[in-house]
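To convert, note that position 364 of the sequence shown is 379 in our numbering; the numbers rise steadily by one, no gaps.
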Amino acid sequence: MRRTLADLRRLSRGLKDTYGASDVHRRVTQFDGWSGRARAEGAGPTGYDHAATVREYYDLCSEFMVFGWSESLHFAPLSPRESVEESQIRHQRLMISRLELSEGMTVVDVGCGVGGPMRRVVREAGVRVVGVNSSETQLERAKSLNADAGVDHMVDYLACSFMDMDAVADDTFDGGYAIESTCHAPDKEGAFAEVFRVLKPGARLWGQEMCMTDTFDPDDEEHRAIKRDLMHGIALPDIATMGEVNRALESAGFQIIEARDRAVDEHSATTPWYQPMETRGSTPGNALRRIPLGRTALTGISRLAEALRIVPRGSADVIGLLDRTAHAYVAGGRAGVFTPLYCFVALKPPAGSRPAAVPESGSGR
């Protein structure tokens, strides 16, 4: 109880800092109309700007995401013996090992969020990290958390889109990772090409993509509805198949070393990746605030806190947005048509090397 009250106080301070005097209710309503605007306006210099939608999604939702999930705003393969946070740490350590990081390297965190994985990478690999993010709200939160963790001297920040990192020279980084970030790219091949450009020859990229699985049937109305709800709730311009991700990597110049849906492993039968949003199940930790009952209770608390001016008005609307998205995640997971855990390791070939054959990945290529 004491920890929950402390978390609620931190949430209140964070929401006030993040939202300021803005009209949060209007912002949520505006965000909720993004897919309609995208269809009506089209892309282009004077048309719909998806990058602005993604920024607004994270500016609105990040504080509640940290409160309800963790500082690492990503999914991980779950084990019944672990909390969500412990599973995330295990997953991040797998990423560090696959990237073959060593002290003295500098790596790029593509779409760094509030920096949960970044802090793990700095602490355990001893490398310098450059966090790239178009949301200055998230970057400020990452800076604060990094300072609290004592790793701020090992991190630099770049406020820009990962689609255009023109402040970074070619062949700069010794490695990189993109965790649930390039799924927001309006042009996946373009995103991978820009990451390819800033990596040194011989550098590795770890990616974690949100994908439709081989079970997805584009002619099935239920499957199409799940995909639409996911795209709308997570601010995704589309959701690629695993094969499409692979082809975009190869078109950008990468050699795929390994690629697989890590939602399908030895733990998946007992602890599916979406369970914490559906039921407390066997996952230990702060499970109540993640499930529907907890989200409903938090909505009620927020409405009371709004009336008492403890949190900004409109905060409960943001919880409603996240609640609808959580239901979409669960529907996609239960139907087996969606995974947030398509993970790959890709290599920027050393200069003068010949392309190698892509290994079997079991990814529906």
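Glycine is no exception: its CB is placed at the ideal position from the N, C-alpha and C atoms.
Alpha-carbon spacing of residue i relative to residue j, whole angstroms
i: V326; j: I316; result: 10 angstroms
i: M10; j: D253; result: This structure leaves residue 10 out entirely; the chain is present only between 16 and 380.
i: V122; j: L173; result: 13 angstroms
i: A140; j: G57; result: 43 angstroms
i: F211; j: L264; result: 9 angstroms
i: T187; j: Q270; result: 19 angstroms
i: A372; j: T19; result: Confidence at A372 is low in this model, with a pLDDT of 49, below 50, so the placement of that residue is unreliable and no value is reported for it.
i: P233; j: G35; result: 42 angstroms
i: S150; j: Y73; result: 7 angstroms
i: V81; j: P365; result: 39 angstroms
i: G268; j: G205; result: 11 angstroms
i: H15; j: T354; result: The chain is shown from 16 up to 380; residue 15 falls before or after that span and cannot be answered.
i: D110; j: A21; result: Note on residue identity: the sequence assigns Met, not Asp, to residue 110. If you take the alpha carbons of M110 and A21, they lie about 32 angstroms apart.
i: R54; j: D181; result: 29 angstroms
i: W221; j: V279; result: 18 angstroms
i: E375; j: L337; result: Residue confidence is low: E375 scores 45 on pLDDT, short of 50, so the model does not pin down where it sits. Its coordinate-derived value is still stated next. Their backbone Cα atoms lie some 36 angstroms apart in a straight line.
i: A208; j: E321; result: 45 angstroms
i: G309; j: A184; result: 47 angstroms
i: G248; j: R108; result: 29 angstroms
i: I306; j: L23; result: 17 angstroms
i: S37; j: S196; result: 26 angstroms
i: E71; j: G48; result: 12 angstroms
i: G29; j: R328; result: 14 angstroms
i: S102; j: R262; result: 29 angstroms
i: G335; j: G217; result: 45 angstroms
i: S378; j: R349; result: Per-residue confidence for S378 stands at a pLDDT of 46, beneath the threshold of 50, marking its modelled position as unreliable; the derived number appears in the next sentence. Whole-angstrom Cα-Cα distance: 19 angstroms.
i: T68; j: D179; result: 17 angstroms
i: L319; j: T33; result: 20 angstroms
i: R41; j: R156; result: 23 angstroms
i: H106; j: A312; result: 30 angstroms
Spatially closest choice to residue i from the options, by CA coordinates
i: M257; options: D244, K203, P216; result: K203
i: G351; options: K363, L313, L251, P287; result: P287
i: V136; options: Y192, A66, T44; result: Y192
i: S177; options: E155, G190, A200, D186; result: Reading the sequence as shown, one finds Phe at residue 177 and not Ser. Minimum Cα distance to F177 is reached at A200.
i: R25; options: F46, E78, Y72, H65; result: E78
i: E97; options: G309, A302, P364; result: A302
i: R339; options: A322, Q107, T314; result: T314
i: C383; options: E155, R275, V81, N148; result: Nothing about residue 383 can be reported from this structure: the residues present for the chain run from 16 to 380 only.
i: S50; options: A36, A66, S37; result: A66
i: L251; options: R262, P291, C198; result: C198
i: G119; options: S94, D189, V69; result: D189
i: Y289; options: R52, A53, P95; result: P95
i: V15; options: M292, L356, R304; result: As shown, the chain starts at 16 and ends at 380. That puts residue 15 outside it, with no answer to give.
i: F231; options: G347, R156, N261, V69; result: G347
i: C358; options: V260, V43, I104, L30; result: V260
i: R52; options: D64, R295, R42, T33; result: D64
Test item: CB-CB of residue i and residue j under 8 angstroms
i: V39; j: S266; result: no
i: V333; j: L75; result: yes
i: I272; j: A361; result: yes
i: A343; j: I241; result: yes
i: S85; j: E100; result: yes
i: E115; j: R277; result: no
i: L154; j: K363; result: no
i: F46; j: L356; result: no
i: R304; j: G83; result: yes
Cross-strand partners of residue i (DSSP beta bridge)
i: Y172; result: G146
i: E155; result: The partner list for E155 (beta bridge, DSSP) is empty, contrary to what the question assumes.
i: M227; result: T256, F353
Contact with chain B by residue i, beta-carbon distance below 8 angstroms
i: D32; result: Absence of chain B from the displayed structure is noted, only one protein chain being present.
Heavy atom of the ligand SAM within 7 angstroms of residue i beta-carbon
i: L30; result: The model depicted lacks the ligand SAM and carries no ligand whatsoever.
* Is there contact here, the stretch 128 to 139 with the stretch 153 to 164, by at least three beta-carbon pairs under 8 angstroms? -> yes
* Sufficient close CB pairs (3 or more, under 8 angstroms) joining the stretch 168 to 180 to the stretch 221 to 239 -> no
* Is the stretch 142 to 149 in contact with the stretch 110 to 126, if contact means three or more CB pairs nearer than 8 angstroms? -> yes
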